[in-house]
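To start, the structure itself, in structure tokens.
There are 2 protein chains.
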Amino acid sequence: MSKSTPTDAELEVLNVLWAKGPSTVREINEMLSQEKEVGYTTTLKIMQIMTAKGLLERDESSRTHVYKPLMKESDTQRTMMDKLLNSAFGGSASKLVMQALGNNKTTKAELDEIRKFLDDQLENRKGDRE
Amino acid sequence: MSKSTPTDAELEVLNVLWAKGPSTVREINEMLSQEKEVGYTTTLKIMQIMTAKGLLERDESSRTHVYKPLMKESDTQRTMMDKLLNSAFGGSASKLVMQALGNNKTTKAELDEIRKFLDDQLENRKGDRE
DNA sequence: ACCTAATTACGAAATATTTCGTAGAACTTC
DNA sequence: GAAGTTCTACGAAATATTTCGTAATTAGGT
Numbered sequence: 102m103s104k105s106t107p108t109d110a111e112l113e114v115l116n117v118l119w120a121k122g123p124s125t126v127r128e129i130n131e132m133l134s135q136e137k138e139v140g141y142t143t144t145l146k147i148m149q150i151m152t153a154k155g156l157l158e159r160d161e162s163s164r165t166h167v168y169k170p171l172m173k174e175s176d177t178q179r180t181m182m183d184k185l186l187n188s189a190f191g192g193s194a195s196k197l198v199m200q201a202l203g204n205n206k207t208t209k210a211e212l213d214e215i216r217k218f219l220d221d222q223l224e225n226r227k228g229d230r231e
Numbered sequence: 102m103s104k105s106t107p108t109d110a111e112l113e114v115l116n117v118l119w120a121k122g123p124s125t126v127r128e129i130n131e132m133l134s135q136e137k138e139v140g141y142t143t144t145l146k147i148m149q150i151m152t153a154k155g156l157l158e159r160d161e162s163s164r165t166h167v168y169k170p171l172m173k174e175s176d177t178q179r180t181m182m183d184k185l186l187n188s189a190f191g192g193s194a195s196k197l198v199m200q201a202l203g204n205n206k207t208t209k210a211e212l213d214e215i216r217k218f219l220d221d222q223l224e225n226r227k228g229d230r231e
């Protein structure tokens, strides 16, 4: 049983929900409209499908339904990462990480942060099998 | 102009080509068949489409055509990384990296390798704006 | 009550992707 | 050179995703 990743349109909806918290279709559609042309019923339909799939849950107590995501952002990120890792990087996390940091305009602050994180990780492995 | 990412089926073909070098449809199909059921003409069609899209080039000098990728593996990895970065991580490479390394069973050897890489990166930024 | 605006439900078209069958050409073998 | 095998071309079905129009319902204002 491996989790499925949301489609592109679904992910856009999720991003708004994770950022703003539970929202109505209109609220989501207004956010998305700032980025691109998208009809109200298009957003509605996507969200209805997501609800049917179990990606969202909705509160129908008022006429205007309020939706919220059923998965945590970090879990979804992990699932999508794993997919990319296996499909494009042969499962090698180090290759992926180096690609992510390589030519990119990652800031020094970010690099420092990652290094700190890495030191922690290494620390926590004291005693592991090498 | 932002590059487009290959579809799942296309990526599977590319992975074989990057690993094995220029190959025939039969060779690709045999590799893919080790992983999953897939008909010969299915693989053929995918590769024909990829050629039409400019993802592959083929040598037709012999009856059995020989295909090779037109993009480097690393460029494709980067394009796919960027897409994931922007669609699921709000553009934050550090979040992505930490997600990749976090709960994962990344080996100590890999972590060491990444740290080395990171030190190089930081070294190369001496004199950058902080 | 009537009109208008907002909302949901639903079907279906449009697009993208994946799969495969069939036909015909090119090569092999006997 | 006939029969069988391997290959490409092509169309089309199957599936997945995205988009939107229309109809019905509800709420609010006048």
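Sequences listed follow chains F and V, in order. Position one of the first sequence corresponds to residue 102 (this note's numbering), numbered consecutively onward. Position one of the second sequence corresponds to residue 102 (this note's numbering), numbered consecutively onward. C-beta atoms are modelled at their ideal positions from N, C-alpha and C, and glycine is treated no differently.
- DSSP places V:Lys209 in the helix class (H, G or I) of the three-state scheme.
- Per DSSP, V:Lys217 has no beta bridge partner at all.
- For the region 151 to 174 of chain F, the beta-carbon criterion of a distance under 9 Å to any beta-carbon of chain V is satisfied by Glu174.
- With contacts defined as CB atoms closer than 8 Å, V:Met172 and V:Leu156 qualify as a contacting pair.
- Between the alpha carbons of V:Val117 and F:Met182 lies a gap of roughly 21 Å.
- What V:Leu223 touches in chain F, judged by beta-carbon distance under 9 Å, is Lys209, Leu212, Asp213, Arg216, going in chain order.
- In the structure shown, the three-state DSSP call for V:Leu157 is strand.
- Taking a C-beta distance under 8 Å as the contact criterion, F:Arg179 and F:Tyr168 do not qualify as a contact pair.
- Taking 8 Å as the CB threshold, V:Ser134 stays off the interface with chain F.
- Among the bridge pairs identified by DSSP, V:Lys184 is matched with none.
- Look at the beta carbons and you see the region 125 to 136 of chain V not touching the region 207 to 223 of chain F: under three pairs across the two are nearer than 8 Å.
- From the beta-carbon of V:Asp109, the residues of chain F found nearer than 8 Å are Ser188.
- When DSSP states are grouped into helix, strand and coil, V:Val139 belongs to the coil group.
- Shown here, V:Ser195 sits in a helix according to DSSP, grouped into three states.
- Excluding five sequence positions before and after F:Gly122, the CB atoms of its chain that fall closer than 8 Å to its own CB belong to Lys169, given in chain order.
- For F:Val198, at least one C-beta of chain V is nearer than 8 Å to its own C-beta.
- For the pair V:Asp220 and F:Glu224, the Cα-to-Cα distance works out to about 17 Å.
- The closest CA to that of F:Met151, considering only F:Glu131, F:Thr106, F:Ser163, is found on F:Thr106.
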